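A.B. asks:
There are 2 protein chains.
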Amino acid sequence: MSTGDQREQHLRYLQRAVELADHGMRSGDGGPFGALVVRGGQVLAEGWNRVLATNDPTAHAEVTAIRAACAAIGSFQLTDAIVYSSCEPCPMCLGAMYWARPAAVYFAATRDDAAAGGFDDSMIYDEIGLDPAARSMVFRQLPVAGAAEVFSSWTDKDDRTPY
Amino acid sequence: MSTGDQREQHLRYLQRAVELADHGMRSGDGGPFGALVVRGGQVLAEGWNRVLATNDPTAHAEVTAIRAACAAIGSFQLTDAIVYSSCEPCPMCLGAMYWARPAAVYFAATRDDAAAGGFDDSMIYDEIGLDPAARSMVFRQLPVAGAAEVFSSWTDKDDRTPY
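As they're listed, the protein sequences go chains V and Y. Just so we're on the same page, our numbering is the position in the first sequence counted from 1, plus 21. Just so we're on the same page, our numbering is the position in the second sequence counted from 1, plus 21.
#1: Just verifying my parser: in three-state terms, what is the DSSP assignment at Cys15 (chain V)?
#2: Using the DSSP secondary-structure output, state which residues sit across from Arg161 (chain Y) in a beta bridge.
#3: Taking Cβ to Cβ, would you say Ala102 (chain V) is nearer than 8 Å to Ala82 (chain V)?
#4: Using the Cβ count rule (16 or more neighbours within 10 Å means buried), how would you classify Pro53 (chain Y)?
#5: Examine the Cβ distances between the region 57-72 of chain V and the region 152-167 of chain Y and report whether three or more of them are shorter than 8 Å.
#6: Can you check whether the CB of Ala38 (chain Y) is closer than 8 Å to the CB of Ser96 (chain Y)?
#7: Report the option in Y:Ala125, Y:Ser157, Y:Gly62 whose CA atom is closest to the CA atom of Val126 (chain V).
#8: Please confirm whether Leu99 (chain V) and Ala121 (chain V) have their CB atoms less than 8 Å apart.
#9: Taking the CB atoms as reference points, tell me whether Tyr146 (chain V) and Ile145 (chain Y) lie closer together than 8 Å.
#10: Rounded C-beta distance between Tyr184 (chain V) and Tyr105 (chain V)? I'm assuming under 8 Å.
#11: For chain C, is any of its Cβ atoms less than 8 Å away from the one on Ala90 (chain V)?
#12: The alpha helix (DSSP H) with Gln63 (chain V) in it runs from where to where?
#13: So that I know if they touch, is there some Cβ in chain V lying closer than 8 Å to that of Gly116 (chain Y)?
#14: Return no unless some Cβ of chain Y is closer than 8 Å to the Cβ of Asp134 (chain V).
#15: Evaluate Ala168 (chain V) with the Cβ neighbour count: other Cβ atoms within 10 Å of its Cβ, from every protein chain shown; 16 or more gives buried, anything less gives exposed.
#16: Can you check which of these residues, V:Arg181, V:Pro110, V:Gly138, V:Ala137, is closest to Ala129 (chain V) by C-alpha distance?
#17: Just to make sure I have the definition right: I need the residues of chain V whose C-beta is within less than 9 Å of the C-beta of Arg60 (chain Y). Which are they?
#18: If we cut at 8 Å on Cβ distances, does Leu65 (chain V) have a partner in chain Y?
#19: Quick test of your reading: Asn76 (chain V) and Ala92 (chain Y), contact by CB under 8 Å. State the CB separation rounded to the nearest angstrom.
#20: For Gly153 (chain V) and Gln27 (chain Y), I'd like the C-alpha separation in whole angstroms.
Have a look at this one:
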């Protein structure tokens, strides 16, 4: 496939992500965000923001699509897949990408577009880089016996599945 | 309640989070991470990492506990609740905290303890601060007609629930 054809394909899937965003919003399921996961020309899953429909603050379009795609292929890894999102992922969804490990992420609208719609992720982007004690949300570490030891139990576990 | 009593209470819940981490790991459900959500002295939900059990890369302990707590109270906001986690949240879970908006987050082990167990979140923390084009994972923005417009449709929507 030529580079131009590849770009056309990316744009078609992004257009679909925008359609899903519009659909989800009009259905009252949540904010105007859509996403899909594609591998080898096959759509593994589509998703849209369902925060309001499910009372789940983590049900962003990308998380919803990633969960559905992983369920569809029976794996917690999206190896060789591409995630298409109608908008630049928020930090939570960005973290989800690194755990799901797709080959690439394409998005259409930017975080500035989202901010204009009242979805201001920039505060979260700023907070993540801060030391826990410096964040606006209270984050406190307290030492508890055994808290670090579970990690050596994990690395010593004979039948563990590394991930 | 005195400050000392409050600290004792936080430590008891954190100890429970560590128990859940150990339980989940030994059950083979996922890595050694546990979390619970408490409000007004009532445990709304407990959770542990279920990435392996559910093939869901987003099923970290905190996300699992937040989703269950929100389902239990029928709200996408954890107002006045406290999240207790056996370990410092990864960037995905940190993002989930900001969307769920609990009053506070307490954790026991640190990201350095987790790294010693092979869970190196620091790469993700580093990547999140970078410009999308500079990340090790391919992140590309492509302009698509209508992508920004869904946000004005959202702000114009008479019956929308802001969140």
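Backbone N, C-alpha and C fix where the C-beta goes; we use that ideal spot for every residue, glycine too. These numbers come from a predicted model, not from an experiment.
C.D. replies: Based on what the coordinates show:
#1: Outside the displayed range of chain V (22 to 184) lies residue 15 (chain V), so it cannot be described from this structure.
#2: V:Tyr127
#3: For Ala102 (chain V) and Ala82 (chain V), no; Cβs fall outside 8 Å.
#4: buried
#5: no
#6: no
#7: Y:Ser157
#8: yes
#9: no
#10: Contact flag wrong, Cβ pair sits at about 24 Å.
#11: No chain C is part of this structure, whose protein chains are labelled V and Y.
#12: Gln63 (chain V) -> not in any alpha helix (DSSP H); beta strand (DSSP E) instead, spanning 63-69.
#13: yes
#14: yes
#15: Burial state of Ala168 (chain V) is buried, judged by a 10 Å Cβ sphere holding 16 or more other Cβ atoms.
#16: V:Pro110
#17: Here the premise fails: no neighbours, minimum Cβ distance about 15 Å.
#18: Not closer than 8 Å to any Cβ of chain Y, the Cβ of Leu65 (chain V) fails to qualify, so no.
#19: 6 Å
#20: In the sequence as presented, Gly is not what sits at residue 153 (chain V); that position holds Pro. Pro153 (chain V) and Gln27 (chain Y): Cα-Cα distance of roughly 20 Å.
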